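Below is one structure, written out as structure tokens; comments come after it.
Given below as structure tokens:
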């Protein structure tokens, strides 16, 4: 390690979530304990075993983004990212200028995109009506040749749209480690500032799998709650009766910058992004080890990287997907890392209200941690009527809890085994 | 001081061979592996050439048959190259000799960084039988789903499959990510792995890049965007008319100098710096002045603590499109002025394997440094005079130092530059 690393400040937040299309609306819904889960309206889901999701509601992107051509190249998840980024930069009060554009970086967790259902159905109609694919028919399929469909299907497309719109010209990448994507992107962004690669980073994640193919893919795995009749109760992390997660969509973007520069320009600092932990479970594709192995290393690394003692942590935004394996493994990991202090950390999974935003989840939840520090309030873990006895942490039950937060941590664990933990410190705790 | 980062294992596969040695041999002896596409009937297609890996079934590359039904073609290539790099490094044998607690500590301190290109349309076509059954009715689609589509479909199509399965197979549990930024993904995997080792986040890290874009719909899209040649891939040539798709994977096993010294291993060279920029002009547009790649080179040299004059050879991206090669040459001229080191490019040999290209070029650059030669570009008939006086030749050249610069570009105006130094310098 070289000397003391540069301190990183979070100075801008932008959110588009099932709870609201900006930060204030989302935060108020979180505090009020209002659920964003409802019957699916984006498409006819009547035949699917799961007919509920946490959709973004009443979003008209043209109110925010006047560039029609840009929107034509954007997949639904990219639109969410573009709008959240707009809010984050406005909130931070800075934008890339031609003089510093190469000192701006962009790291985003973007969803697993491909052809959308509509495009796939078009290719099918033309090239595979009998179910078998006939490549030669592509040659006369105008739709398959539409380059806009190609762009939307590219894993780097959301990133490229953000770079183009905001004029970011430094380091840029998108990452995908399933449900850990957004959190890993923010951790990577922090390190870019620490190692001097960038001075400012637009970082976060966006995803939208609430479409026939996305919903199918999780239905096939049997990972989703089938509580179609009680959508608002369907996502209940750590509850003894939980039966799967609820698919959501959304975006969270953060503006990160060097601490001293942020202080100099008088920026409002929500929190210090103080540490990042990043481990691989290498156990199974979709589960982490019952002992918490994997998440344990991620949390320990985050605390060590932040220079934080376990006793300083007041809030944990849990991964808390509302699946039995995840919830128990995560609780075991928290106990292993925090020992006797585990019971004194306020814990909530905001997936209980906004569902699982997949590649966007970790980014949105990091923003929630920044807001919890900023406002001194812990959002509720909704729908926790009867906690699983195996999950005996101090969950924020019933309603949001007033509490000054010295350090908040956010867990995100992905299919494929990537575990990411971010540690955020209250600006008042930063010694100057 | 940050620790030095060395390369202690390499693996690679592409149309030109199934090991770094085989691929180097094809490059050195001037045998391009670009041929008519075999995977489907391309009669009547506007472009029908690509760098396909011969043999129809890549599953033969991965021993563990349980994994076969859980991944896609590109993943199999990545798993193969990653496994070869780990084998080559002797890491597994080293770990086996340790006591279990020490081995567990080594696993926690060994990271994996993967760069992958994009999804496979072919995997999405697995929904075609269901679409036929549904006949346009989503209700039927939902009801017949479970009876028609493989329950593992999502797992098969996950972008981070190589990360997941290499982790499980080798028990590596350190820092990791999967970078999804088109053609610079593999280069970024090296850059992030190197940065993690320098920052003390890990002692060892595997960097992998993989891609398999040769699919009918993908080829047509690339053609429609004007990126593909109908006749051949001729980097920097006056007659160049576009790129051609390749496929493949490559991997580098990186260690801090002290971690490698603990194992007394042979090292291939040293990773000394990286740079990354974008041009922010949109998805496909690139600037004619080479601003992006020039910036990436400047950042990489700064990261390496080097002046341009210290660079001994350049492995150019050289994709063979008119605009990309011209702007890349402009970038090189801008950074190096009148004193440009010997330049080469490798895509003429195996096509453009997108996300794998920068890391595959890195593997070959390390071989070139080891041999102390800059391979020629045998397809070169006439260097495009519009590109200025680029020291590029059909014949081999001598590097002017033991440092190689590897350039890489991708969609969204992304550029990367990676800097490597030959192993020999470490003794001096």
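Chains as they are written, first to last, in our numbering: chain A, 5 to 436; chain B, 15 to 442.
Glycine included, each C-beta is placed from N, C-alpha and C at the ideal position.
Please read these numbers as outputs of a predicted model, since none were measured by experiment.
is_contact[residue 278 of chain B, chain A] using C-beta, thresh 9 Å: Residue 278 of chain B sits at position 264 when you count from the first residue of the second chain. For residue 278 of chain B, the answer is no, since every Cβ of chain A falls outside 9 Å of its Cβ.
Just verifying my parser: in three-state terms, what is the DSSP assignment at residue 16 of chain A? Residue 16 of chain A sits at position 12 when you count from the first residue of the first chain. Strand.
Between the region 168–175 of chain B and the region 71–78 of chain B, can you find at least three pairs of beta-carbon atoms closer than 8 Å? no
Which residues DSSP lists as bridging residue 49 of chain B, in chain order: Looking up residue 49 of chain B in the second chain gives position 35. BP columns for residue 49 of chain B point to B:64.
Are there three or more Cβ pairs, one per stretch, closer than 8 Å when the region 258–272 of chain B is compared with the region 168–176 of chain A? no
Would DSSP call residue 427 of chain B helix, strand or coil? On the second chain, position 413 is the one that residue 427 of chain B refers to. DSSP places residue 427 of chain B in helix when its eight states are reduced to three.
Contacts of residue 409 of chain B in chain A (Cβ-Cβ under 8 Å): Taking the second chain and counting its residues from 1, one reaches residue 409 of chain B at position 395. Within chain A, no residue has its CB atom less than 8 Å from the CB of residue 409 of chain B, the nearest being about 37 Å off.
Consult DSSP for residue 104 of chain B and reduce its assignment to one of helix, strand or coil. Residue numbering aside, residue 104 of chain B sits at position 90 when the second chain is read from its first letter. Residue 104 of chain B falls in the coil class under three-state DSSP.
To the nearest angstrom, how far is it from the Cα of residue 309 of chain A to the Cα of residue 134 of chain B? Here residue 309 of chain A refers to the residue found at position 305 when the first chain is read from its first residue. Here residue 134 of chain B refers to the residue found at position 120 when the second chain is read from its first residue. In a straight line, the C-alpha of residue 309 of chain A is about 37 Å away from that of residue 134 of chain B.
Nonlocal neighbours in the same chain, by C-beta distance under 7 Å from residue 24 of chain A, ignoring five residues either side: Counting from 1 along the first chain, the entry for residue 24 of chain A is found at position 20. So the qualifying residues of the chain are 30, 33.
Taking the beta carbon of residue 34 of chain B as the centre, do at least 16 other beta carbons fall within 10 Å, making it buried, or is it exposed? Within the second chain, numbered from 1, the residue matching residue 34 of chain B stands at position 20. Result: buried.
Should residue 158 of chain A go down as buried or exposed, given a rule of 16 or more other Cβ atoms within 10 Å for buried? Here the question's residue 158 of chain A lines up with position 154 in the first chain. Flag for residue 158 of chain A reads buried.
First and last residue of the uninterrupted beta strand (DSSP E) at residue 268 of chain B: One-based indexing of the second chain puts residue 268 of chain B at position 254. 262–270 is the span of the beta strand (DSSP E), which, as asked, contains residue 268 of chain B.
How many Å lie between residue 146 of chain A and residue 124 of chain A at the Cα? The residue given as residue 146 of chain A occupies position 142 in the first chain. The residue given as residue 124 of chain A occupies position 120 in the first chain. When rounded, the distance between both Cα atoms is 13 Å.
Just to check, is the beta-carbon of residue 394 of chain B closer than 8 Å to a non-hydrogen atom of the ligand SAM? Looking at this structure, you won't find the ligand SAM or any other ligand, since it has none at all.
Should residue 234 of chain A go down as buried or exposed, given a rule of 16 or more other Cβ atoms within 10 Å for buried? Taking the first chain and counting its residues from 1, the one referred to as residue 234 of chain A is at position 230. It counts as exposed.
Do residue 341 of chain B and residue 300 of chain B have their C-beta atoms closer together than 9 Å? Here the question's residue 341 of chain B lines up with position 327 in the second chain. Here the question's residue 300 of chain B lines up with position 286 in the second chain. Yes; because the gap between Cβ atoms is below 9 Å, this pair is in contact.
Once DSSP output is grouped into helix, strand and coil, what is the label at residue 39 of chain B? Your numbering for residue 39 of chain B matches position 25 in the second chain. Three-state result, residue 39 of chain B: helix.
For a contact defined as C-beta to C-beta under 8 Å, what are the partners of residue 40 of chain A on chain B? As a working mapping, residue 40 of chain A is identified with position 36 in the first chain. None at all; the shortest Cβ gap to chain B is about 22 Å.
Report the residues of the region 17–40 of chain B with a CB closer than 9 Å to any CB of chain A, ordered along the chain. none
Identify every residue that forms a DSSP beta bridge with residue 423 of chain A. As a working note, residue 423 of chain A is residue 419 in the first chain. DSSP lists A:283, A:417 as partners of residue 423 of chain A.
Quick one: Cα of residue 360 of chain A to Cα of residue 372 of chain A, how far? By one-based count along the first chain, residue 360 of chain A stands at place 356. By one-based count along the first chain, residue 372 of chain A stands at place 368. Straight-line Cα distance between these residues: approximately 14 Å.
For residue 238 of chain B and chain A, any beta-carbon pair shorter than 9 Å? Within the second chain, the letter at position 224 stands for residue 238 of chain B. Yes, because at least one Cβ of chain A sits closer than 9 Å to the Cβ of residue 238 of chain B.
State the DSSP-derived secondary structure class of residue 411 of chain B, mapped to helix, strand or coil. Numbered from 1 along the second chain, position 397 holds the residue referred to as residue 411 of chain B. Here residue 411 of chain B sits in strand by DSSP.
Taking 9 Å as the CB-CB limit, is residue 408 of chain A close to chain E? Note that chain E does not occur in the displayed structure, where the protein chains are A and B.
For chain A, find out if any of its Cβ atoms is closer than 9 Å to the Cβ of residue 311 of chain B; answer yes or no. For the purposes of this step, residue 311 of chain B is taken as the residue at position 297 of the second chain. With 9 Å as the cut-off, residue 311 of chain B does not count as an interface residue toward chain A.
Is there a Cβ from chain A that is less than 9 Å from the Cβ of residue 415 of chain B? Translated into the one-based positions of the second chain, residue 415 of chain B becomes position 401. For residue 415 of chain B, the answer is no, since every Cβ of chain A falls outside 9 Å of its Cβ.
What does residue 333 of chain B touch in chain A if you count any residue whose Cβ is under 7 Å from its own? As a working note, residue 333 of chain B is residue 319 in the second chain. Here the premise fails: no neighbours, minimum Cβ distance about 16 Å.
In chain order, what residues of the same chain have a beta carbon less than 7 Å from the beta carbon of residue 432 of chain A, not counting five sequence neighbours either side? Here residue 432 of chain A is taken as the residue at index 428 of the first chain, counted from 1. Counting only Cβ-Cβ distances below 7 Å, and skipping sequence neighbours, we find nothing.
Residue from A:379, A:62, A:369 with nearest C-alpha to residue 209 of chain A: For the purposes of this step, residue 209 of chain A is taken as residue 205 along the first chain, with counting starting at 1. Nearest option by C-alpha distance: A:369.
Check whether chain B comes within 9 Å of residue 192 of chain A, counting only Cβ atoms and requiring the distance to be less than that. As a first step, residue 192 of chain A is located in the first chain; it is residue number 188 there, counting from the start. Yes, residue 192 of chain A counts as interfacial toward chain B.
Are the C-beta atoms of residue 267 of chain B and some chain A residue less than 9 Å apart? For the purposes of this step, residue 267 of chain B is identified with residue 253 of the second chain, where counting begins at 1. False, the Cβ-Cβ gap to chain A never drops below 9 Å.
Could you pull out every residue in the same chain whose Cβ sits closer than 8 Å to the Cβ of residue 26 of chain A, ignoring the five residues on either side in sequence? Here residue 26 of chain A is taken as the residue at index 22 of the first chain, counted from 1. Closer than 8 Å at the Cβ level, and outside the excluded window around residue 26 of chain A, lie 18, 19, 20, 91.
For the candidate residues A:180, A:187, A:168, whose alpha-carbon lies nearest to that of residue 294 of chain B? Looking up residue 294 of chain B in the second chain gives position 280. When only C-alpha atoms are compared, the closest one is A:168.
Separation of residue 89 of chain B from residue 398 of chain B, as counted between CA atoms: For the purposes of this step, residue 398 of chain B is identified with residue 384 of the second chain, where counting begins at 1. For the purposes of this step, residue 89 of chain B is identified with residue 75 of the second chain, where counting begins at 1. When the Cα atoms are used, residue 398 of chain B and residue 89 of chain B turn out to be separated by approximately 37 Å.
Just verifying my parser: in three-state terms, what is the DSSP assignment at residue 25 of chain B? Here residue 25 of chain B refers to the residue found at position 11 when the second chain is read from its first residue. The answer is strand: DSSP assigns residue 25 of chain B an E or B state.
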